[in-house]
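Take a look at the structure set out below.
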Amino acid sequence: MIRKLPPEVVNQIAAGEVVERPSSVVKELVENALDAGARRIRVELRAGGAEAIVVIDDGDGFLPEDLPLAFASHATSKLQGVADLDHIGSLGFRGEALASIGAVARCRILSRRHDAQEGWEVRCEGGVETSPQPCGAPAGTRMEVRDLFFNVPARRRFLKSASAERARIQELIAELSLARLDVDFTLVGDDREILRLPRDESLAQRFARCFGEELAKGLLPVSRAFDGMKVEGLVAEPDLARRDGKLELMFVNGRLARESSSLHAVRQAFREYLMGGRFPIYALQVALPPDQVDVNIHPRKAEVRFVEARMVAGRLHETVRAALLGRLGLPMAAGGVVIAPDMPRARSGFPQLPPSLFGDAVLPPPPPSAAGAEPYVVREPVAAPAPAFARGAAASTPPVVSRLNPFQRVTGRYLQVMDLYLLLEGQDGLMVVDQHALHERVMYEQLRQQHAARAVQSQRLLVPTVVEVTPAELAWFEAAQEALQQEGLHVAPFGPGAIAVHAVPTVLARLDARKLVRSLVVGDETAGMAPVREALADRFHSMACRSAVMSGDRLNDAEIQQLLVDAARLEHPHNCPHGRPTVLTFTGPELERYFRRRC
Amino acid sequence: MKILCDRTALQEAVNVVSSVVPAKTTKPILHNFLVRSSDNGITLFATDLEMAARVELDSVKVSKKGSVLLPARETGALLRELSDPTVTLESTDQRCRIESGGGNFVLLGEDPAQFPDEAKVKGGKRIEIEVGRMLRMIQETAFAAAREETRYAINGVLLDASAGTVRMVATDGRRLAISYATVPTKAECKVVVPLRALNTLARALSEGSKETLSIEVGDKQIVFVTGKAQLVSQLLETRFPDYEGVVPKSADTTVEITRAVLEGALRRSSVLCSSDMRVVRFEIGEQSLRMTADNSSRGRADVTIDAVVKGSGGSINFNPDYILEALRVCQLDTIRLDMSDDSMPAKFTLGEAFTYIVMPISGA
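Protein chains in written order, with my numbering: chain A, 1 to 599; chain B, 1001 to 1364.
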């Protein structure tokens, strides 16, 4: 017999989608506070939130007449009609958060509007709501959620330890806070202050405060405006990369959300700078017209979709790539003044290179130095537009320290040891260079530049190679057909469930066409020609690896000098094409500490 | 077992069977070859389980019958180094003593009973062909076969016999070589022979020889027999591309060129192809052929040679290596190129019974 479930059960089931663990409660409540225009938010936890979660804000507060509906499901003040769904400006809109939380916990709302004399209180236990009572309260809202899952023992058993839940909440608040630099966040756990994020600090400051001060010195500002889209934020130096993707943070119109093709595009931009299994660190704010974004595809709103996913992904790729290239003093399409210090000279008493050797090798010639002998160069974006996520307060992007190509600043003294490593004196200290890795990078970039300079050509196949594909892959090939052809790969659908390869890029002609195609479809569905480029990059890498000097090759002075001259022109000298580091630097202070010259 | 035999004859026989002994194998016993003696001679046999070689030797004096397994590499090397015209092999258990010119060597073999047996081919069709002709056909095709292990499908050469003609066809998907011969037999078959078997066979065949090579094609195996030697190989169970459909039936332009001139000019221009993008452009002029190559970082080549041109002319791009590899085995003085445009296959006539198809390279 089919029966309609009682509303309490319905709410408990629905709650499961929204409220999974204490951090989901915190997320909903903090987002509500932000939607209410709060400038100051304080989150207090007991036992990692399992015993109590209290969120106090100084936002608008509830209208007293709204309070009876606060815990009703699908009740919200943020949305009025279907038309509003197309341009959602608030973080919440589904009207389910409080209903879900109220169904599985003992809740209390204490709220007073700024212009009201008295506050109101309403309680809800396991979905049963009391009627609002007048009472005294500070302006704003205080939400208390106690005994989470008291009536859902199964869920309660799945809660992790208090410290694990608290750590997750700390992470969550840190992530949310990055989108709102104009709001002051405080997290208190069992009466101890865990996180304090003062208002109006810069994104880099807040990022470092949240995720570790050691990140602070490797953050690059990003800011680009496109027609109908804006990207701002930070990307971290590739060598800070993590073993997980936790700090790949993207905010879409102020909402922390993932979108698969954008995620892939940013990873692609980092790809050749990262070792396998490493993930980049970034916080990017993407501003798009609300009608270009669908946020309503995931109950927790963790994922979004873009109408023009491919375009957004392409622009993100371009932006991040420009930032990564830009930090080395290479021309960047937008923003950034690069100041390179003068070439240092070898001190007397040591063999000195002919002045022309490094003098004419460094490209471009260093502009007048404003940074003096500073080893690091300070770069400030030109007229940085106010970040979109600074609602109200204009938080300007801070000057961020960036690293130049270290080979542009070697003094000219070198020594080859163990027939593998080069010891150099750079301005930052002692540099130890892996000759093979560095030469590999040099060869790789030369091959890539040569390839970019010539026309794409395709080796035609005598008999088309037929490759069986799944319907999803077939759709991918149909969509990417033209883009692939521009890179020299001619494919055409071949009946249902197969494609025929008619021609392959000449550079890859030695590969098996079937294997080449199979390796392409693992790419993202919106990636277009990028996989072909990856295959090309792999091919260039193996060519570079074969032609590079090996470990055990003894180099003469002229060869070492040439290698350093070439390295000084590299776009990315820090890693070999597969991400292994090329250079290890021991700074003066590090050496001094080791030899106990200072402690 | 105890035998006395002519050293040179034994050495040659060991060389033939050693050609199938695998360099690397997970079954170490396959590093050996088997010697089996009968009343009037000995038989040498080796296999890598995909193919097998057998040689009979009758210039042998057998004083005690038996069989022994000998390590192929060491035995071959030892026979090469010995200087006496004869050698004596004497085996007890799994040791074999070799005596020659005052030297005494002991080779440690393995149990002959553990060695794989020879496969018997059942119900085979027989084709007979001159040894010299067969060698030419292998030379004219094998170079065009795909080398990569993964391309199992065309990692062999098609042997297509019908109506008194034997055709051998090889392709790697970018070019295709066809060589054929007329034979007296009417046997019909269409099988793919592994490249390795043909290379091994070619090593045992001598150029221009008028002897007869007898080929027996079974369901799963093929046997080549010449004189006292026999090579058995598994066949590849794959579908070979439809080669007849690929051969262009007509062409817009026909070019006749002196082979040696073309080869020299193409070699010179291909020097300036970059290593990762091998492209030479052929431009057909009025009674001339111009070849250009461009390596943006190293230089340019521009060579013009005389040619007899019929048709509309035009230009086409090729990987020069494909053409040079074919010219190397070509014996004609004047070759012919039939071509249309850079999307259509081009046909080279490189011998009376040797046709070569190359797919051009096209711009984006």
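Here a beta-carbon is modelled for each residue, glycine too, at the ideal position from N, C-alpha and C.
Residue i - DSSP class collapsed to helix/strand/coil
i, result
"B:K1125", "strand"
"B:M1083", "In the sequence under discussion, the amino acid at residue 1083 of chain B is Ser, which differs from the Met named in the question. The answer is coil: DSSP assigns B:S1083 none of H, G, I, E or B."
"A:T408", "Going by the sequence as given, residue 408 of chain A is Gln instead of Thr. If DSSP states are grouped into helix, strand and coil, A:Q408 belongs with the helices."
"A:C210", "helix"
"A:A323", "helix"
"A:M311", "helix"
"B:D1338", "strand"
"A:R596", "coil"
"A:N11", "helix"
"B:F1240", "coil"
"B:D1294", "strand"
"B:F1348", "strand"
"A:Q205", "helix"
Buried versus exposed call for residue i [16 or more other C-beta atoms within 10 Å across all chains shown]
i, result
"A:N405", "buried"
"B:F1115", "buried"
"A:Q457", "buried"
"B:I956", "Any answer about residue 956 of chain B is impossible in this case: the structure gives chain B only from 1001 up to 1364."
"A:Q449", "exposed"
"A:P577", "buried"
"B:I1098", "buried"
"A:N32", "buried"
"B:L1236", "buried"
"A:Y594", "exposed"
"A:V307", "exposed"
"A:R224", "buried"
Cutoff 8 Å: residue i Cβ touching any chain B Cβ
i, result
"A:S348", "Because A:S348 sits at a pLDDT of 30, beneath the cut-off of 50, its placement in the model cannot be relied upon, and the following sentence gives the value as read from the coordinates. A:S348 does not count as touching chain B."
"A:Q459", "yes"
"A:L430", "no"
"A:V152", "no"
"A:Q450", "yes"
"A:M443", "no"
"A:T506", "yes"
"A:A383", "With a pLDDT of 38 at A:A383, under the threshold of 50, the modelled position of that residue is not reliable, and no figure is offered here."
"A:V565", "no"
"A:R454", "yes"
"A:V583", "no"
Neighbour flag for residue i against chain A, beta carbons, 8 Å
i, result
"B:D1276", "yes"
"B:F1348", "no"
"B:N1319", "yes"
"B:T1226", "no"
"B:S1315", "no"
"B:M1359", "yes"
"B:R1174", "yes"
"B:P1194", "no"
"B:G1208", "no"
"B:P1241", "yes"
Boundaries of the alpha helix (DSSP H) in which residue i is found, first to last residue
i, result
"A:K27", "22-35"
"B:S1019", "First-last for B:S1019: undefined, no H or E at that position."
"B:L1198", "1195-1204"
"A:G189", "That residue, A:G189, is in no alpha helix (DSSP H); its beta strand (DSSP E) goes 184-189."
"B:S1059", "Neither: B:S1059 is in no alpha helix (DSSP H) and is coded neither H nor E."
"A:I109", "Where A:I109 is concerned, there is no enclosing alpha helix (DSSP H), although the beta strand (DSSP E) it sits in stretches over 106-112."
"A:L176", "162-178"
"A:F270", "260-270"
Start-to-end residues for the beta strand (DSSP E) that takes in residue i
i, result
"B:G1363", "1361-1363"
"B:L1004", "1002-1006"
"B:T1304", "1299-1306"
"A:A216", "No beta strand (DSSP E) holds A:A216; DSSP gives it neither H nor E."
"B:P1071", "1066-1071"
CB contact check: residue i to chain E, cutoff 8 Å
i, result
"B:T1171", "No chain E is part of this structure, whose protein chains are labelled A and B."
Where are the beta strand (DSSP E) runs, 3 residues long or more, that stay fully inside the region 466-518 of chain A, in chain order? List check, beta strand (DSSP E) in window: 490-493, 498-505.
Could you tell me which uninterrupted alpha helix (DSSP H) segments, each at least 4 residues in length, are contained entirely in the region 114-143 of chain A, listed from first to last along the chain? Not a single unbroken stretch of the alpha helix (DSSP H) spanning 4 or more residues falls wholly within the region 114-143 of chain A.
If you scan the region 1097-1183 of chain B from start to end, which runs of the beta strand (DSSP E) of 3 or more residues do you find wholly inside it? Residue ranges of uninterrupted beta strand (DSSP E) with 3 or more members, entirely inside the region 1097-1183 of chain B and ordered along the chain, are 1103-1108, 1125-1130, 1156-1162, 1165-1171, 1175-1182.
Segments assigned beta strand (DSSP E), at least 3 residues, entirely inside the region 406-454 of chain A: Every unbroken stretch of the beta strand (DSSP E) spanning 3 or more residues and falling wholly within the region 406-454 of chain A is given here in chain order: 410-417, 421-426, 429-434.
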